[in-house]
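Trainee: Note that the numbering used here has the sequence shown beginning at 5, numbered continuously upward.
We put the CB at the ideal spot given by N, CA and C, even for glycine.
Quantities reported herein were computed from a predicted structural model and do not represent experimental measurements.
Below is one structure. I have some questions about it.
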Amino acid sequence: MPKVIKSNLGFSRNRVVLSDVLPYEVPPIFSNRFFYRFLNEYSIRYELEKGDSSAKIKWKNAFSTNDEKLVFETVIRLLFYSHDIKDRRNYTEEADQIFFLEIKNNKLQKIPFSFDIAHKEHQFRTLSIPHVFSQVQMVNFYEKYKDLIIYYSDKSSFSIRRPKSVAKSYFFKDKIHSKNKSNDTIVTIEEYEKEYETLKSYFTYERYSNVYKFFESYIYHRAEKKYNKLLKLDISKCFDSIYTHSISWAVLDKYEVKKDISSSKTFFAGQFDSLMQNLNFNETNGVIIGPEFSRIFAELILQKIDLNLSKKLSEKSLKKGIDYQVYRYVDDYFIFFNEDEHKNIIVKFLQLELKEYKLSFNNEKVDLYEKPIITETTIAKNKISNLMNSIKFHVEDVEQPPGDFIKKGEIFLNASKLIVEFKTILKESGANYKDVLNYALASLESKTEKILDIYLNIDNPKEKNIIQALIELVEFMFFIYSAAQRVSYTIKVSRIIQNIILFSNKNFKNKDLKHHLFKSISDNINIIFKNNRYDEHIHVETLYLLIALSELGRTYKLTEKNLADYFGFEKELGTSLAYKTNPRLKYFSVVCLMFYIKNFNDYSVIKRSIEKSILDKYTGLDQDYLCMSTELTLLLFDSLSCPFISQSTKGKLLTKYNISGPKFKADIIEFCMKENWFIKWTDFNLKKELESKKSLEVY
C-alpha cells in the first residue's frame, strides 16, 4: 500500500483559483493550473481600496523592451478587461517595476460561462465558471476576509460541513516507488509545485467532506439508536433561490441593514454580496452553482437560519440532544425525533425561518423513516456489495514436483447474469439507479483494480480468460451507466476504462484478443454517442467519454461523419467537402472536439468548420460584451494557444478585439502559445487528471 504522507503548505494567495472557483464537473482537459502559474509568475493581483472609484490589476514587469511590455499589457487587457484602456496605461513604482491598469467600478460586472449537466430524469442543472477577472477578485476577497469566513461559519451546531480553518497541510499517497498496473512509475510528488496544484480545498472542513461519510459515521448511528424516527428534507433550488442581499441580514441584522443599506455595503457581508452580484452579471436573485465559494456563501446564510431555529425550539422547551437532533449538510436537513408533535414544531419553525430568507422546502423530497431506520439506498448498497464480492478470481496454489507451488487462477463473469441480479436488487429494495450508481461504479472500479492486481500475481495466466472477463465487466458497466448518465458516474466509468487500457497495452500480447476488448469499449461508447446526439443541456457527460475514446488509439477513432452527426454539424448543400458552421457549440464542446481531432487528416473538413464556428461566436458582438463574457475569454486564450488551430483563424480572432498589425498579432500569438492557458493541448495524462478528481465530490 502506498504510504500516506502529510505535507505542509506554503501560502500562495492564488491557491483560491485551484480549489474554490471551478465546478467539479469540468472536463478533464480543463483546469486552472496554468492560470494559477501565470498569476504567480507575474505577481498579478487585484486591488480595490475603500473609497476608490477604480479597481486595479497589478503585475510585476518581467520584460526588458517596450515591445514586450506592450504585448504583455495587451494580454492582460484581453484576459481581464479588454476594453477602453488601450491608451491609458499607468506605470507606477518604477523602481520595483510594478505596473497596473485601472478599471472603473461600473465595469466590474462579468457574465459567467454556464453549462448544463444531467441532474434528474428529463431535468438538467446549470453550473457556472466565473470570469478570470472575478476569480482574481475572489482571491483578493479570501485573502482579506478568510478569518471572518471561518468565524461566521462556526455559529451553528447543526451544520456538519463548514469551513473550520485555512488548510496548512494536505495528505497524499507516496507513489514514487510504487508501480501502476502498466508497470510505469507514477510520480506524484516529483515536484512540490505540481503537487500543490492538485490542492483540494482552501479551507479545512468540519465535519464531513461528503454526505456519504455522514451516513457511515458514529454520530449518525448514535442518533439512530437514540431516536425512533428520521425526517429528511432539503431546500428547494437553494442556490437558485438565494437572495444575495440576505448575506448581510445573516451576518449583521436584517432590520439594521435595511435602515442603513449604503453603510452595510462597505463591510464583509456587503463586499461578499457585491462580489457575488458582479460575477453573475449583477444578478441578486440566485448565486452561481458549482464553485465552492457559492457553498460558503450559502453556508453563512444557513448558519443564521440554524441559530434562529435553535432559539425558537428552545423557547418551545425542546431540548437538542434529548427531544430532537438536527444535522444539516449544505442544504440537506436530517431531523431525528421520537414524538410527532416535536417534529411538527421543528418543521413549522424551520419553514418560517427559511421564508425570512426567501427559501423553502422541496416538497418532492420529504422522506420519513421509522425504526429500524434504514433507507432503500442502504438496503440496495448492501446487496450491491454482495454482488461485487461475487466478482473475483478463483485462485489456488498448485503443487509442482519436486515440492514447488505455483499460483493458478481463472475468472468467469457473465454480463447478462450480473445485469439481471443488479435489476433485481433495485426492484427488491425500491431504490433508483441514481441513488446507487455512484456506489456501484466506485465498487466496480475497486474490483477491477483488484482483478488486474491478482492477474499479475498468477503464474502463467491465461490472457483469453482475463480478457473475456473484462469484456463482460465492460458490458455490465455500460448497462448500469446508461440508465442514468451523470458527470460523477462518467468520471468513474472513464477511470475504469483508462485502467483497462493502460493495463492491456502493457500486459496483453495477443493483439486479436486485445482488439476484442478495445472494440467492446469503443462500441459501447459509440452507442452512447448515437443515443445522445448533440444536446446542449446534457453534453459534458459524453465529452468525458470522447476523451477516453481517444486513449484507445487511432484504430477506434470515430469517423468524421459520426463526429459531425454527434456534434450537430450539417453538410453544406451541394457539396461533400464542407460542413455548415454550428454556432450552438459551447466552449467545452469546441475545445474537446478540437482536442480529439488534433491535426489528423481524417478530420480536415470538419476542422475547417470548427474554426469558422469559433469566429462566428464573436461576430456582431460589441467590445463591452466581449470584455464581460467568460466563455469568449476562455475560448480566445485556448484558441490562441492551441497548436491545432490555424494562424489565420488566430489572427482573425484578435481582429475581433480591435487588435491590428500582422507583427503585433504574431507577437501576441507567440506569447500565448508558450504555455497552456485552461486546456492542456499536449502531453495530456488522462489517468492523472481523473485521479485528481477523487475526493472532490461534495454529494
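So is residue 134 buried or exposed if we call it buried at 16+ other beta carbons inside 10 Å?
Mentor: That one is buried.
Trainee: Contact defined as beta carbons within less than 8 Å: I believe residue 46 pairs with residue 64. What is the distance between those atoms, to the nearest angstrom?
Mentor: Rounded, the Cβ-Cβ distance is 6 Å, consistent with contact.
Trainee: With 16 other CB atoms within 10 Å as the buried threshold, where does residue 587 fall?
Mentor: The residue is exposed, with fewer than 16 neighbouring Cβ atoms inside 10 Å.
Trainee: For the beta strand (DSSP E) containing residue 401, list its first residue and its last residue.
Mentor: Here the beta strand (DSSP E) through residue 401 covers 398 to 404.
Trainee: From 294, 277 and 293, pick the residue whose C-alpha is nearest to that of residue 286; which is it?
Mentor: Closest option to residue 286, Cα to Cα, is 277.
Trainee: Under three-state DSSP, which class holds residue 130?
Mentor: Strand.
Trainee: So is residue 220 buried or exposed if we call it buried at 16+ other beta carbons inside 10 Å?
Mentor: That one is exposed.
Trainee: Can you tell me whether DSSP reads residue 81 as helix, strand or coil?
Mentor: It is helical.
Trainee: Measure the alpha-carbon distance for residue 187 versus residue 456 and round it to whole angstroms.
Mentor: Residue placement at residue 187 is poorly supported in this model, since its pLDDT is 42, which falls under 50; the coordinates are not used for a value here.
Trainee: Per the contact definition of three or more C-beta pairs closer than 8 Å, is the region 479 to 495 in contact with the region 407 to 426?
Mentor: Yes, the region 407 to 426 is in contact with the region 479 to 495.
Trainee: Please give me, in chain order, every unbroken run of the alpha helix (DSSP H) with length at least 4 that falls completely inside the region 563 to 611.
Mentor: Here the runs fully enclosed are 564 to 570 and 591 to 601.
Trainee: To the nearest whole angstrom, what separates the beta carbons of residue 641 and residue 681, a pair I think is in contact under 8 Å?
Mentor: Correct: roughly 4 Å between the Cβ atoms.
Trainee: Given 8 Å as the limit, is there contact between the region 392 to 405 and the region 453 to 468, that is, 3 or more CB pairs closer than that?
Mentor: Short answer: they touch.
Trainee: Would residue 33 pass as a contact of residue 595 if the rule is Cβ separation under 8 Å?
Mentor: Cβ atoms of residue 33 and residue 595: closer than 8 Å.
Trainee: Quick one: what does DSSP say residue 407 is sitting in, helix, strand or coil?
Mentor: Coil, per DSSP.
Trainee: Quick check: the Cα distance between residue 683 and residue 677, rounded to an integer number of angstroms?
Mentor: The straight-line gap from Cα to Cα measures roughly 12 Å.
Trainee: How would you write the range of the alpha helix (DSSP H) that residue 526 sits in, first residue to last?
Mentor: That run of the alpha helix (DSSP H) goes 515 to 535.
Trainee: Along the chain, where does the alpha helix (DSSP H) containing residue 430 start, and where does it finish?
Mentor: 419 to 433 is the extent of the alpha helix (DSSP H) around residue 430.
Trainee: Taking three-plus beta-carbon pairs below 8 Å as touching, is the region 615 to 632 in contact with the region 647 to 663?
Mentor: Output reads yes: the region 647 to 663 touches the region 615 to 632.
Trainee: My guess is that residue 590 and residue 648 are in contact by the Cβ rule of under 8 Å, so how many angstroms apart are they, rounded?
Mentor: That pair is no contact at about 19 Å.
Trainee: Does DSSP classify residue 216 as helix, strand or coil?
Mentor: Three-state DSSP puts residue 216 in a helix.
Trainee: Take every Cβ of the region 220 to 240, pair it with every Cβ of the region 364 to 378, and state whether three or more of those distances are shorter than 8 Å.
Mentor: At 8 Å Cβ cutoff, the stretches touch.
Trainee: State yes or no: is the C-beta of residue 508 within less than 8 Å of the C-beta of residue 303?
Mentor: No, these two residues do not count as a Cβ contact at 8 Å.
Trainee: Quick one: grab the DSSP three-state call for residue 704.
Mentor: Because the chain in this structure spans residues 5 to 703, residue 704 falls outside the shown range and cannot be described.
Trainee: Are the CB atoms of residue 517 and residue 471 nearer to each other than 8 Å?
Mentor: Yes, these two residues count as a Cβ contact at 8 Å.
Trainee: Under the rule that 16 or more other beta-carbon atoms within 10 Å means buried, what is residue 250, buried or exposed?
Mentor: Buried, since its Cβ has 16 or more Cβ neighbours within 10 Å.
Trainee: Alpha carbon to alpha carbon, how far is residue 323 from residue 527? Give it in angstroms, no decimals.
Mentor: In a straight line, the C-alpha of residue 527 is about 59 Å away from that of residue 323.
Trainee: Where DSSP assigns a beta bridge to residue 330, which residues make up the other side?
Mentor: 339, per the DSSP bridge assignment.
Trainee: Taking buried to mean at least 16 other C-beta atoms within 10 Å of its own C-beta, is residue 434 buried or exposed?
Mentor: Label assigned to residue 434: exposed.
Trainee: Pull up the distance between the alpha-carbon of residue 96 and that of residue 103, whole angstroms please.
Mentor: Low confidence applies to residue 96: its pLDDT is 49, below 50, so where it sits in the model is not reliable, and the reading given next is rough at best. When rounded, the distance between both Cα atoms is 6 Å.
Trainee: Tell me the residue span of the beta strand (DSSP E) that contains residue 122.
Mentor: Start and end: 117 to 122.
Trainee: Are at least three pairs of beta-carbons, each pair with one atom in the region 217 to 236 and one in the region 355 to 366, less than 8 Å apart?
Mentor: Not touching, per the Cβ criterion.
Trainee: Relative to the C-alpha of residue 209, which candidate in 223, 440 and 154 has its C-alpha closest?
Mentor: Here the closest residue by C-alpha is 154.
Trainee: Using CA coordinates, which residue listed in 592, 554 and 660 is at the minimum distance from residue 691?
Mentor: Ranking the options by Cα distance to residue 691, first place goes to 554.
Trainee: Can the beta-carbon of residue 328 be found less than 8 Å from the beta-carbon of residue 338?
Mentor: No.
Trainee: At which residues does the beta strand (DSSP E) containing residue 288 begin and terminate?
Mentor: Per DSSP, residue 288 belongs to no beta strand (DSSP E) and is neither H nor E.
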